[in-house]
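This report refers to the structure that appears directly beneath it.
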Amino acid sequence: WKLSAPDNALQLFDEMPAPNSTSWNVMILGHIQSHLFDGAWRCFCRMRSMGCDCNQYTYGTFISACAGLGSLLYGKMVYSLSIKNGLLSDGYIRTGMIDLFAKNGCFEDALQVFNDWPYEDNAVCWNSVISAAVRSGCTGKAIEL
1 WKLSAPDNAL
11 QLFDEMPAPN
21 STSWNVMILG
31 HIQSHLFDGA
41 WRCFCRMRSM
51 GCDCNQYTYG
61 TFISACAGLG
71 SLLYGKMVYS
81 LSIKNGLLSD
91 GYIRTGMIDL
101 FAKNGCFEDA
111 LQVFNDWPYE
121 DNAVCWNSVI
131 SAAVRSGCTG
141 KAIEL
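Residue numbers (the UniProt record's numbering): 1 to 145.
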């Protein structure tokens, strides 16, 4: 992927006898960095269908990509899966969801994700929700936070 040769990366990946979550994550991230969002989604679905465990990096990376691409639907689906798989407390995933909601004009949803999190000591999440408030024109709420 780094050398802009996705076909070579895909071929090497397909030749792997048993790809693990790290190799899947590299493929997903490579697709995302190459702006091949549909390919990233196919990799994610294929990873899951082959029984490979998704981890917080898989979900967090994908949610962040959805935020950047404005894909609220895919982001919500991946977030739901991360919750189902017990990764609700991961700051990377939550911050990605706050960002996803904020970039799609859903500040109340971003605030809900933030408020549902019992950990108040994560500066990244605080910054994300304050930025989300400002981005949404809720400057009073940003100051309150």
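Even for Gly, the Cβ is constructed at its ideal location relative to N, Cα and C. Nothing here was measured: the structure is a model prediction, and the numbers come from that model.
Given residue i as reference, the closest of the options once Cα atoms are compared
i: L72; options: N55, A110, L88, G51; result: A110
i: D99; options: S82, P118, K76, L87; result: K76
i: N20; options: M47, D38, N115, L10; result: M47
i: Y59; options: G30, N25, G51; result: N25
i: T61; options: I143, N104, H31; result: H31
i: V124; options: Q112, R94, N104; result: R94
i: N8; options: T22, M27, P17, D53; result: M27
i: A40; options: Y74, L87, I83; result: Y74
Sequence-distant residues of its chain with Cβ nearer than 7 Å to residue i (five each side left out)
i: C138; result: F107
i: residue 150; result: Nothing about residue 150 can be reported from this structure: the residues present for the chain run from 1 to 145 only.
i: F114; result: I98, C125, V129
6 Å Cβ shell around residue i - same chain, five flanking residues per side excluded
i: R42; result: none
i: K103; result: A67
i: P6; result: S34
i: N122; result: G91
Under the three-state DSSP convention, the category residue i falls into
i: S89; result: coil
i: S82; result: helix
i: S136; result: coil
i: E15; result: coil
i: H35; result: coil
i: G60; result: helix
i: M116; result: First, the residue type needs correcting, since residue 116 is Asp and not Met in the sequence shown. Reduced to three states, the DSSP call for D116 is coil.
i: S71; result: coil
Interface flag, residue i vs chain B, CB-CB below 8 Å
i: V129; result: Going by chain labels, chain B is absent from the structure shown, which holds only one protein chain.
Span separating the alpha-carbon of residue i from that of residue j
i: N85; j: K141; result: 32 Å
i: L81; j: Q56; result: 11 Å
i: S34; j: E144; result: 39 Å
i: D53; j: Y92; result: 17 Å
i: D14; j: S23; result: 11 Å
Contacts around residue i, its chain only, beta-carbon distance under 8 Å, and the 5 residues preceding and following it disregarded
i: L69; result: F37
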